[in-house]
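2 protein chains.
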Amino acid sequence: MSSVDRLCEQLKAQGRRLTPQRRAIIQALCDYDSHPTAEQIFARVRQDMPDMSHATVYNTLRELVEMNVLRELDLGLGERHYDLHEGDHAHLICLGCGRIEDVPYDKEAVKLSSRHPHGFRIVDCNVIFRGYCPDCMPQEK
Amino acid sequence: MSSVDRLCEQLKAQGRRLTPQRRAIIQALCDYDSHPTAEQIFARVRQDMPDMSHATVYNTLRELVEMNVLRELDLGLGERHYDLHEGDHAHLICLGCGRIEDVPYDKEAVKLSSRHPHGFRIVDCNVIFRGYCPDCMPQEK
DNA sequence: ATCCCTGCAAAGCCTTTGCAATGCA
DNA sequence: TGCATTGCAAAGGCTTTGCAGGGAT
């Protein structure tokens with residue numbers, strides 16, 4: 129079963145309706161190799177469904193995030209990126225060209241010390257590195 | 129020398145001009161115990177300087193960020209938070225009430241493996257935990 | 001048949017920008 | 001005095017909302 133089908137099943141399993149629009153959005157998410165924004169998804173889906181509205185794209189993305197199958201990344205670049213990739217990984221953003229790369233990291237190492245008396249129930253952890261990729265390295269000695 | 133004075137000195141040391149507006153913004157940043165947004169700074173400074181403009185606040189905050197004395201936090205809440213605190217720490221956001229807490233973390237543990245061939249020159253690292261604080265803990269068994 | 005979902009359009013929110021006037025160095 | 005900085009107002013970009021019609025279950 130493809131990723132698209134699996135996600136569609138998950139939608140239905142939660143009592144949500146599977147519409148052609150939602151399937152197209154999920155398809156677009158799977159097609160992107162990495163970290164599209166809502167507008168990029170919107171643009172891609174519009175190629176096949178010219179009547180697709182912003183509302184539908186944003187609503188669907190929000191639902192998928194609530195279902196915990198999609199990760200929302202706010203990188204401070206003015207728009208949110210979405211990440212369907214599974215497994216734990218950190219993100220590496222190039223301050224020059226804006227490209228985003230996945231990098232593995234040791235989840236255990238980052239885990240909050242249980243001795244710290246914050247009392248929070250942790251749901252999610254995001255690790256974001258900023259820097260310059262080889263192509264954008266500033267000229268310094 | 130107070131934190132305010134120290135930051136003002138740093139401004140001048142970089143050839144920037146020290147205006148009353150900038151001093152007021154720095155003062156407001158120091159007054160806040162934690163993580164104000166640009167609008168919160170704007171509102172506070174306006175109490176004393178009713179003519180303060182958005183442009184000045186946003187420009188000054190951006191400069192301080194460029195000077196690396198202020199950290200910009202994008203928590204996906206629609207607005208950016210600013211953090212004058214020194215030293216490495218992660219942030220803990222409550223998904224219920226939105227409060228933000230600092231938590232210590234082991235910077236070394238998070239460091240990217242140099243064996244990973246990403247080739248980036250890392251400038252900055254942000255670790256953000258999301259969860260529920262004791263007051264907002266969802267009712268579950 | 002129900003009511004969730006969609007499309008349209010407009011509003012909302014935070015942030016940035018343009019430009020003339022001001023004032024710091 | 002020169003030029004960075006300010007204030008004002010408006011624009012900009014992304015996201016959300018309201019509502020009536022339509023479609024999935």
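Quick note, the sequences are listed as chains H and F, same order. Okay, so the first sequence: first residue is 129 according to this note's numbering, each after it adds one. Okay, so the second sequence: first residue is 129 according to this note's numbering, each after it adds one. Heads up, the beta-carbon is just placed ideally off N, CA and C, and yes, glycines get one too.
Boundaries of the alpha helix (DSSP H) harbouring residue 134(H): 131 to 141, taken from the DSSP string. Counting only Cβ-Cβ distances below 7 Å, residue 265(H) has contacts in chain F at 249, in chain order. The continuous beta strand (DSSP E) containing residue 257(H) extends over residues 249 to 260. Look at the segment 161 to 192 of chain H: it has no residue with a C-beta under 7 Å from a C-beta of chain F. Of the residues assessed, residue 164(H) falls on the buried side of the cut-off, its CB having 16 or more other CB atoms within 10 angstroms. In this chain, the alpha helix (DSSP H) harbouring residue 185(H) covers 182 to 194. Neighbours of residue 246(F) in chain H, taken as residues at a C-beta separation under 7 Å, are given in chain order as 220, 229 and 231.
Note that the C-beta distance between residue 220(H) and residue 209(H) is not below 8 Å.
Less than 8 Å divides the Cβ of residue 198(F) from the Cβ of residue 212(F). Partner residues in a beta bridge of residue 166(H), as assigned by DSSP, do not exist. DSSP, reduced to helix, strand and coil, places residue 211(H) within a strand of the structure shown. Just so you know, the alpha carbons of residue 132(F) and residue 173(F) end up roughly 14 Å apart. For residue 256(H), a Cβ of chain F is located within less than 8 Å of the residue's own Cβ.
Between residue 153(F) and residue 185(F), the gap from beta carbon to beta carbon is short of 8 Å. If you draw a straight line from the Cα of residue 130(F) to the Cα of residue 229(F), it comes to about 24 Å.
CA-to-CA, the gap between residue 142(F) and residue 156(F) works out to about 21 Å. Beyond the five residues adjoining it in sequence on each side, residue 231(H) comes within less than 8 Å, by CB distance, of 217, 218, 219, 220 and 257 in the same chain, given in chain order. Separation of residue 214(H) and residue 158(F) (C-alpha to C-alpha, rounded to the nearest whole angstrom) is 40 Å. Cβ proximity to chain F below 9 Å picks out 200, 201, 202, 203, 204, 205 and 208 from the segment 200 to 211 of chain H. For residue 171(F), no pairing in a beta bridge is given by DSSP. When DSSP reads this structure, residue 225(H) sits in no beta bridge, so it has no partner.
Annotation for residue 168(F): no residue places its beta carbon closer than 6 Å to its own, counting only its chain and skipping 5 residues before and after. Residue nearest to residue 187(H) within the set 225(H), 246(H) and 144(H) is 144(H) (criterion: CA-CA distance). Residue 203(H) has no beta-bridge partner at all, per DSSP.
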